[in-house]
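Residue 159 in this note's numbering sits at position 176 of the sequence shown, and the numbers go up by one each step. All C-beta atoms, glycine included, are put in the ideal place defined by N, C-alpha and C.
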Amino acid sequence: MIMSTHPDDLPIGRRIGGRLASWFGTPHGLFCVFAFSLLIRLILARYSGGLRFDVSLFRQWSDRLVEVGLAHFYAPGYFADYLPGYLYLLHALGKVSRLLGGSSPSVAMLKLPAIVADLGVGVLALLLAARITPGTRRAESQTRAAAAIAILLNPGLILISAVWGQVESVVALLVLGGIYALATGRQSLPREACGVALLAMAVATKAQALPALPVVGLVLIHRHLAKEAFSPRAWSAVAVRVSLLGMLGVAVVGAMFRPFGVGLTEIPAFYRNSGSVYPFTSLWAFNLWGATGFYRFDAGSEAVTIGGVAALQVGLVAFAAATIAIAARAWQSLARRTDAKAVALFGAVALTCAAFVLLTRMHERYSYLALVALAPLVGYRPFRRALTILSVCFLLNVHFVYVFYSHHSSPPGDARTIQPVYDMLFGITKDAWQLKALSFIMSTACLAVACLGWRWLDRHLIGSETTQ
C-alpha cells in the first residue's frame, strides 16, 4: 500500500511546522528573526546589569584609554589581561560616550559591540549554510533560516552578550569572516589577504581564536594544490604564497599591538603573561579538569600532577597530540574531496572542543566558538544533534557561573534563577558532585563531537566541493 505524501495528508502539526519553516526562509521571515533577536538583546542589555566584575573592568579600561591613550594603557602594576583587539572598541565607546555628554559608557552601551557582532555572526552562518547544504531553493532557504536561528535565538549566546556583557561574539565574527573569505568563492590574493587579516585580528582580540587556524591553513593549502595536481612545482609555489600570507597575518597582529607600545618581539611574552593571570586547572569550565575539581593550581609547587608532571604540561602535550591528529584527519577528508568549507568549519569545532576539554586555565565561555562554527552545518541531522547537545551544556555552564558570581559580588548582582532547581543541578559546594558530573558529561560530549564529526562530514559532504 502506497501512502499519500500530499501536504494535506500530513498530520496538522507537520503541515504547520513545514509552513513555518518555509516562512522563516523567506526574506520577510529572516528579517523578522533578526529584528526579534535584536529586540530581545536590547531589552536584556537595558534591564540587566551584566556581570559586575567584567563590566566594571570594561568601563575602567574605557575611561583609561580615553584619558591616557593607547600607548600608555598597559603599565606595570595595572591589571589589564585583555589583548588589544577589544580595547580598540572600548576606546571608541569611551569617545562616543563623552561626545554624547556622558562620562563612562553605560552597561547597555558596553554590550552593544557584542550584540552587533551576534547579528553579524548570524549573517555569516546563514551564508555559509547556504553554500554547504545542497538542495532545492526551498531547502536552501530553510537551512539558511535554521543556521541564523541557531545563532540568534540560542539562549547561551544571548546570555553571554546581552546579559553578561562578554565579547566572545566579536571573536567569532572575525573567525567566521576569515573562513568565509578563505574557504568560499574563487581564490584570489585580495580575498585570501582579507581572510588572513580577519583571522589575525581575531587572534589579536582573544587567544581563543587560535584553535581555528591549523585546519583553516590546511584548507588554504589544499585548495591551491588541488589546482596544480600536487606537483613538486605546485608545492613550492603554494609554500611561497602561504608564507607571504602568514607574514601578512603576523604583520596585522603586530600592527594591532604597536599603538599600545608592544613591539613585535614582545608579543609572544605578552600572550604568555596574559594566559598566566589565572594559573588554575579549570576556572569553572565543565571540562576534564573540572571533573577533578575547580581552581586547583596547574603549575608550581602546589600544582596538580599526573605521573609527576604538572597539569599545565599534561594539558599542553595532550592538546598538541590532539591538534596533530585532527589536522591529519582534516587532510584526509580534504583528500577525499569533502567540502572544504565544511572541513574548515568543523576543524574549528573539533580543535575548540579539544582545547576546552584538555587544556588547563579554561573559562566556562571558551567552548563558544564550537557552537558558532557548528551552526552552518545544521542542514545535516548529526550536526543538528551535536549543536543541540553542546548548546545545552554551554548554557548550563555559563548560567551556573553567571549566577554564582552575581550572587557573590558586592553588592550582589541581578542574576535571575530558580534557586531550588539551581541548587539541585549544581550543588551548594565548590566541588559538588553535580558540578563534577556535568564536567564529565560536557567533556564526553565535546570529545565525541570532535571525533565522530569527521565521519559525519565524509558521509554527507564528500565530493561536494564547489567554488561557491
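The alpha carbon of Gly33 has as its nearest neighbour, out of Arg81, Leu201, Thr371 and Trp147, the alpha carbon of Trp147. According to DSSP, residue pairing for His346 in a beta bridge involves Leu266 and Trp267.
For the 9 Å CB-CB criterion, Ala183 and Val233 form a contact. Rounded to the nearest angstrom, the Cβ distance from Ala97 to Val361 is 22 Å, too far for a contact under 8 Å. Not a single unbroken stretch of the beta strand (DSSP E) spanning 3 or more residues falls wholly within the region 288 to 365. Phe263 is the residue among Gly68, Phe263 and Phe277 whose C-alpha sits nearest the C-alpha of Ala293. Under the three-state reduction of DSSP output, Ile411 falls in the coil class, being neither helix nor strand.
The beta-carbon separation of Asp441 and Thr343, rounded to 32 Å, does not stay under the 8 Å limit for a contact.
Shown here for Asp37: same chain residues with a beta carbon closer than 8 Å to its own, the five before and five after excluded, namely Trp147, Gly148 and Gln149 in chain order.
In the three-state DSSP reduction, Ile26 falls in the helix class (H, G or I). Between Phe409 and the set Pro395, His391 and Phe387, the nearest pair of CA atoms involves Phe387. Taking 8 Å as the upper bound for CB-CB distance, Leu231 and Val198 are not in contact here, some 19 Å apart. Ranked by how close their Cα comes to the Cα of Thr306, the residues Ala220, Ala217 and Pro194 have Pro194 in first place. For His205, same chain residues with a beta-carbon under 6 Å away, outside a window of 5 residues either side, are Leu317 in chain order. Excluding residues up to 5 positions away in sequence, Ser257 and Val260 lie with their Cβ nearer than 7 Å to the Cβ of Asp64 in the same chain. Taking a C-beta distance under 9 Å as the contact criterion, Gln191 and Ala91 do not qualify as a contact pair. Comparing C-alpha distances from Arg312 to each of Ala301, Ala128, Phe329 and Gln296 shows the shortest one belongs to Phe329. Between the region 239 to 257 and the region 55 to 75, the count of C-beta pairs closer than 8 Å reaches three or more; the two stretches touch.
Comparing alpha-carbon positions, the option among Gly84, Gly68 and Asn270 lying closest to Leu430 turns out to be Asn270. Non-local beta-carbon contacts of Val186 in its own chain, meaning distances under 7 Å to residues more than five positions away in sequence, involve Ala192, Leu193 and Val236 in chain order. Under the 10 Å beta carbon count, Thr321 is surrounded by 16 or more other beta carbons and is classified as buried.
Spanning the alpha carbons of Met239 and Trp416 requires a straight line of approximately 44 Å.
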